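Enquirer: If you read the protein sequences in the order shown, they are chains A and B.
Mapping to numbering that gives the first Met the number 0: the first sequence position 117 is 116, numbers consecutive.
Mapping to numbering that gives the first Met the number 0: the second sequence position 154 is 153, numbers consecutive.
Where a beta carbon is used, it is the ideal one built from N, C-alpha and C, also for glycine.
Fair warning: this is a prediction, and the values are worked out from it, not measured in the lab.
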Amino acid sequence: MKEIENSETFFSAGKEIPYKVPEGYFDELPSRIQQYCLEHSGHNNTYSIFQIVRTQLALAAGFIGFVLFALAGYYYLQPKQPVEVLTCGHYIDIVSIEITDYDEAIIQNDSDKKLPFDSLKHKRTDEMIQYLLEENLDYVTLIEQY
Amino acid sequence: MFRSSDTRNYAFNLIVRKYQERIYWHIRKMVVQHDDTDDVIQNTFLKVWTGLDGFREDSQLFTWLYRIATNEALTFLKKKRTKFFLPLVDVEQQLARTLESDHHINGNELLIKLQKAVLSLPAKQRLVFNMKYFDEMKYEDMSEVLGTSIGALKASYHHAVKKIEKFMEAD
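Below is the structure:
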């Protein structure tokens, strides 16, 4: 406070304020305030449910809208795979493929997978061993051969 | 007296009559224009009216009124800034311009210049300056109204004075 009291700037300006009010303003202000309070305080008590949840509804609607927009954008921006429609011509091509058109090694591999035990092959091998035994071949020759 | 429903209206009317001028000038120094002050003071007393039941008598009635008026004035300035998409400093500049054009403002050049200097302060600092310099409030009461420590208020007032002096000496 001391520095202000000593300050020439503040001393010369004083503590007056340059504002003024309309004549009789403060005489009628209490009645106007009373009227204003009666009007507005009564109004404040009659909030409808919609008014109370309006903000929450708006937020929920905004969120749902955002999610829908994001989903639509996601599906729209996905790279599209061309869907090939099978026509009658395609069926004819598939049916008319001959066995020679396939790779032999793949066919062999697939058939081995389907038949893990080749009974015919083993049977033939057993017969051959039996035959060779009957022919009196020595074991060393047999082992070397099989 | 204002706790009883029979005497509530009467008590409220007494409060308005007793404090209306001090509250009016407190708001006016913040929002500058008379019409805006009129709106803010009505809202202030509406808050007083609706909050009378919850008023705790451990604080003075006048500091409670001051606090409501201060909050209403700050809210008004904030709304004004939002309404016109202006940063706060532009609102203050706009208010400073009204000092020259408003027909409810009448004073010598020095007084208007002082008000312009006050309007160059940030809103909170302006409040502190107005309350201390014009209203001559005690720091203890100001602390209760603004919810700020006395030390911070003294520092804020000191900075405000320095800024105003600089503003006044500039031109």
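For A:T124 and A:I91, what's the separation of their Cα atoms in angstroms?
Expert: 43 Å
Enquirer: Distance cutoff 8 Å, beta carbons only. Does B:K153 sit that close to anything in chain A?
Expert: no
Enquirer: Who are the neighbours of A:P78 on chain B, taking C-beta pairs under 8 Å?
Expert: Result: empty, since nearest Cβ-Cβ is about 42 Å, beyond 8 Å.
Enquirer: Quick one: is B:N129 buried, meaning 16 or more other Cβ sit within 10 Å of its Cβ, or exposed?
Expert: buried
Enquirer: Nearest by alpha-carbon distance to B:R66: which of B:N12, B:Q114, B:N107 and B:D140 is it?
Expert: Ranked by Cα distance from B:R66, the first of B:N12, B:Q114, B:N107 and B:D140 is B:D140.
Enquirer: Between which residues of its own chain and B:M29 is the CB-CB distance below 6 Å, once the five residues before and five after are set aside?
Expert: A72
Enquirer: Given this structure, state the Cα-to-Cα distance separating A:C36 from B:N12, to the nearest angstrom.
Expert: 11 Å
Enquirer: Show which residues of chain E have a CB atom less than 7 Å away from the CB atom of A:Q33.
Expert: The chain inventory of the structure shown lacks chain E, comprising the protein chains A and B.
Enquirer: Output, in chain order, the set of chain A residues within a Cβ distance shorter than 7 Å of B:W63.
Expert: Taking a Cβ-Cβ cut-off of 7 Å, B:W63 has no neighbours in chain A, whose nearest Cβ is about 16 Å from it.
Enquirer: Could you name the residues of chain A that B:T49 contacts, counting a contact when the two beta carbons are closer than 9 Å?
Expert: C36, H39, S40 and N43
Enquirer: Counting contacts by CB-CB distance shorter than 8 Å, is A:Y75 in contact with chain B?
Expert: no
Enquirer: Using 8 Å as the limit for Cβ to Cβ distance, is A:V20 near chain B?
Expert: yes
Enquirer: Quick one: which residues of the region 16-27 of chain B get their C-beta closer than 9 Å to a C-beta of chain A? List them in chain order.
Expert: R16, Q19, E20, Y23, W24 and R27
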